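Numbering (the working numbering), first residue to last: 3 to 167.
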């Protein structure tokens, strides 16, 4: 599984969007996306980045309301995220909302990209996606998760290495 989150403000626990993509044999097999009421304020800085405002999350579940869905998709699996920001945000949200930590093994697709394409000047998601011709609507959680997953798929094809390597 691959996950990406967007946050409402500088507090990493302020998750306002979650995107999850599952891959099977190098292709997208499953997608889940939801807006989340972060029960926190929205900073204009973050809203400018991802376009999500408080009005968009009215009536949406809070993190506690989607925690069980996340457990169902991630627990016991390897979860890919592009940098460990998402891992930290999810852990912070679990603490703030008094929910169990997600029981998953994490794989950083930034590290995968650095190993596969060390010559790139940057391994930020948008830079690697552009280099590989992967479509990306940057800072949309579902699109970011899909792109991070495709980076891992293309890295495996490019290097011949497997996730266990």
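The C-beta atom is built at its ideal place from N, Cα and C for all residues, glycine as well. Because the structure is a prediction, the values reported are computed rather than measured.
Between the region 72-90 and the region 49-57, the count of Cβ pairs shorter than 8 angstroms is below three; the stretches do not touch. Between residue 20 and residue 121, the alpha-carbon positions lie close to 31 angstroms from each other. Residue 54 carries a coil assignment under DSSP once its states are collapsed to helix, strand and coil.
The region 91-165 contains, as complete beta strand (DSSP E) runs of 3+ residues, the segments 107-110 (chain order). If you check the CB distance, residue 125 and residue 115 come in under 8 angstroms. By the CB criterion at 8 angstroms, residue 73 and residue 38 fall outside the cutoff. In this structure, residue 91 lies away from residue 23, with their beta-carbon atoms at least 8 angstroms apart. Secondary structure of residue 42 (DSSP, three-state): coil.
Rounded to whole angstroms, the separation of the alpha carbons of residue 40 and residue 48 is 13 angstroms. Around residue 30, the same chain offers 23, 24, 148, 151 as residues with beta carbons nearer than 8 angstroms, after the five sequence neighbours per side are excluded.
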